[in-house]
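Residues 109 to 426, numbered by our numbering, are exactly what the sequence shown covers, in order. For each residue, glycine too, the CB sits at the ideal point set by N, CA and C.
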Amino acid sequence: MAEVLVYVDHVDGAVRKPTLELLTLARRIGEPVAVALGNGAADTAAALAEHGAVKVLTHDASEYADYLVVPKVDALQAAVEAVSPAAVLVPSSAEGKEIAARLALRIGSGIITDAVDLEAGDEGPVATQSVFAASFTTKSRVAKGTPVITVKPNSAAVEAAPAAGAVEALAVTFSAAATGTKVTGRTARESTGRPELTEAAIVVSGGRGVNGAENFAIIEALADSLGAAVGASRAAVDAGWYPHTNQVGQTGKSVSPQLYIANGISGAIQHRAGMQTSKTIVAVNKDAEAPIFELVDFGVVGDLFDVVPQLTEEVKAR
Ligand code: FAD
């Protein structure tokens with residue numbers, strides 16, 4: 109069976125959920141071989157083996173320490189040359205997409221970004237993408253070289269599938285470009301304790317209807333009762349009520365959670381572009397004609413200041 113390379117997104121050896129989802133998809137098209145780089149790379153092996161990695165290629169070097177993608181591209185290129193995989197799967201994070209694009213260019217391959225599903229095909233893996241503000245889904249495959257495919261978080265379930273997970277050292281020679289950039293400073297963002305927006309299983313968002321920064325406490329309370337991330341429409345962000353890092357949509361982040369709850373959001377096409385692939389969509393809006401109701405699974409016509417606190421209490425009571 110063909111091997112499929114999976115780029116491992118991890119923090120000091122703790123594997124992030126989108127990578128485990130990639131392993132589920134990788135098993136559909138071949139045998140997953142994981143590539144873990146940087147501090148704690150070898151510590152990822154147990155979790156990866158539990159979810160189907162037949163092999164874990166590891167390499168640690170100081171070059172991986174920062175948000176610098178070229179060393180990671182060098183390593184993935186070395187892995188592609190060593191394994192000749194059927195495909196390379198990378199999580200669709202900001203970093204993942206940059207790594208994937210550079211890798212595809214390096215190895216002369218085609219790339220598919222933001223896939224939401226993946227299946228085996230006669231001529232290579234077939235990826236499903238959601239396009240034109242999620243108005244259509246397309247199926248495509250890479251026609252040139254080793255397919256490089258980035259996959260959106262929450263596109264597949266995490267499944268236990270115990271495998272060997274044999275750890276092997278990857279031989280990497282860094283290119284001159286690997287040291288061409290260096291990080292000169294970093295500012296830590298205050299942690300909210302909530303899940304990362306693009307990876308969260310549940311997202312609770314607020315829009316112009318929230319009517320003020322202070323009222324976002326209502327949205328946050330619902331999010332916290334559900335263990336969810338908080339999102340915001342551009343109108344709420346532009347008004348200065350919530351940070352841009354939480355904006356969902358065309359010019360914000362693209363999310364695909366199991367559950368998306370839109371509160372006081374009209375459902376403009378640019379907002380839909382970032383959330384329409386959510387598995388279940390719920391909206392609370394006082395205007396029964398709001399376009400958001402065209403795409404919801406469950407809609408509540410009502411004032412969010414009445415509905416959302418009641419919902420929070422109901423969730424907390426369970
Ligand atoms: P509105 O459209 O004003 O809707 C507010 C809604 O709240 C209304 O439906 C109203 O009925 C409801 N409401 C009001 N009070 C209450 C209440 N008390 N209880 C319940 N409901 C209430 N937008 C994004 O979100 N993300 C993007 O990334 C993005 N990118 C853009 C890129 C471009 C190039 C452009 C041109 C626009 C972009 N926009 C984006 C803006 C987008 O077009 C909309 O203007 C925006 O999404 C509107 O935000 P909203 O739904 O919160 O506000």
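Which class does I220 belong to by DSSP, given the choice of helix, strand or coil?
Mapped onto the sequence shown, residue 220 falls at position 112. The answer is strand: DSSP assigns I220 an E or B state.
In chain order, what residues of the same chain have a beta carbon less than 7 Å from the beta carbon of R297, not counting five sequence neighbours either side?
Locating residue 297 in the sequence shown gives position 189, counting from the first residue. Nothing listed; no residue qualifies.
Tell whether a beta-carbon distance below 8 Å holds between G375 and N354.
Locating residue 375 in the sequence shown gives position 267, counting from the first residue. Locating residue 354 in the sequence shown gives position 246, counting from the first residue. The answer is no: Cβ separation not under 8 Å.
So, with DSSP's three-state summary, where would you put F240?
Sequence index remark: in the sequence shown, residue 240 carries index 132 (1-based). F240 falls in the coil class under three-state DSSP.
Kindly confirm or deny that the stretch 153-161 and the stretch 182-195 touch, where touching means at least three C-beta pairs closer than 8 Å.
Short answer: they don't touch.
Can you tell me the Cα-Cα spacing of V191 and E111, whole angstroms?
Taking the first residue of the sequence shown as 1, we reach residue 191 at position 83. Taking the first residue of the sequence shown as 1, we reach residue 111 at position 3. Cα-Cα distance, rounded: 7 Å.
Would you mind stating whether R380 and A269 have Cβ atoms separated by less than 8 Å?
Residue mapping note: residue 380 aligns to position 272 of the sequence shown, counting from 1. Residue mapping note: residue 269 aligns to position 161 of the sequence shown, counting from 1. No, Cβ-Cβ distance for R380 and A269 is not below 8 Å.
What's the call for S263, buried or exposed, on a 16-neighbour Cβ count within 10 Å?
Indexing the sequence shown from 1 puts residue 263 at position 155. When all chains shown are included, S263 counts as buried.
Nearest to M109 by alpha carbon, out of R302, A195 and L278?
Your numbering for residue 109 matches position 1 in the sequence shown. Considering only alpha carbons, the answer is A195.
Counting C-beta neighbours from all protein chains within 10 Å, is the total for A202 16 or more, i.e. buried, or is it exposed?
What you label residue 202 is simply residue 94 of the sequence shown in a count that begins at 1. Under this definition A202 is an exposed residue.
What do you reckon, are the CB atoms on A366 and T388 nearer than 8 Å?
Here the question's residue 366 lines up with position 258 in the sequence shown. Here the question's residue 388 lines up with position 280 in the sequence shown. Note that residue 366 is Gln in the sequence shown here, rather than Ala. Yes, these two residues count as a Cβ contact at 8 Å.
Quick check: is any heavy atom of the ligand FAD less than 7 Å from the C-beta of I373?
Translated into the one-based positions of the sequence shown, residue 373 becomes position 265. At least one heavy atom of the ligand FAD is nearer than 7 Å to the Cβ of I373, so yes.
Strictly by DSSP, which residues pair up with Y115?
Numbered from 1 along the sequence shown, position 7 holds the residue referred to as residue 115. Looking at the DSSP assignment, Y115 forms a beta bridge with V143.
DSSP three-state call for L419: helix, strand or coil?
Here residue 419 refers to the residue found at position 311 of the sequence shown. DSSP places L419 in helix when its eight states are reduced to three.
Given this structure, state the Cα-to-Cα distance separating F413 from A122, to the nearest angstrom.
Position 305 of the sequence shown, counted from the start, is the residue given in the question as residue 413. Position 14 of the sequence shown, counted from the start, is the residue given in the question as residue 122. Each residue's alpha carbon lies about 39 Å from the other.
Distance check for A142 and E129, CA to CA, integer angstroms please.
Working through the sequence shown from its first residue, we reach residue 129 at position 21. Working through the sequence shown from its first residue, we reach residue 142 at position 34. Looking at the two C-alpha atoms, the distance is approximately 12 Å.
Any heavy atom of the ligand FAD closer than 7 Å to the Cβ of F413?
As a working mapping, residue 413 is identified with position 305 in the sequence shown. Indeed, a heavy atom of the ligand FAD lies less than 7 Å from the Cβ.
Per DSSP, Y368 is paired with what?
Taking the sequence shown and counting its residues from 1, one reaches residue 368 at position 260. BP columns for Y368 point to V311 and I389.
Y368: buried (16+ other C-beta within 10 angstroms of its C-beta) or exposed?
Residue 368 sits at position 260 when you count from the first residue of the sequence shown. Classification of Y368: buried, given that the 10 Å Cβ count is 16 or more.
Run through the stretch 132-182 for me and flag every whole beta strand (DSSP E) of 3 or more residues, listed as ranges in chain order.
Those beta strand (DSSP E) runs which fall completely within the stretch 132-182 and span 3+ residues are 139-145 and 163-167.
According to DSSP, is G339 helix, strand or coil?
Working through the sequence shown from its first residue, we reach residue 339 at position 231. Looking at G339 - three-state DSSP - the assignment turns out to be strand.
Could you check the C-alpha separation between E139 and L197 for me, to the nearest Å?
Looking up residue 139 in the sequence shown gives position 31. Looking up residue 197 in the sequence shown gives position 89. The alpha-carbon atoms of E139 and L197 are separated by roughly 12 Å.
Within the chosen definition, does the stretch 203-222 reach the stretch 159-170 through at least 3 CB pairs nearer than 8 Å?
No: the two stretches stay apart, fewer than three of their Cβ pairs being nearer than 8 Å.
Whose C-beta lies closer than 7 Å to the C-beta of V415 among residues of the same chain, with five residues either side of it excluded?
Along the sequence shown, read from residue 1 onward, the residue named residue 415 stands at position 307. Taken in chain order, the residues that qualify are V392 and V408.
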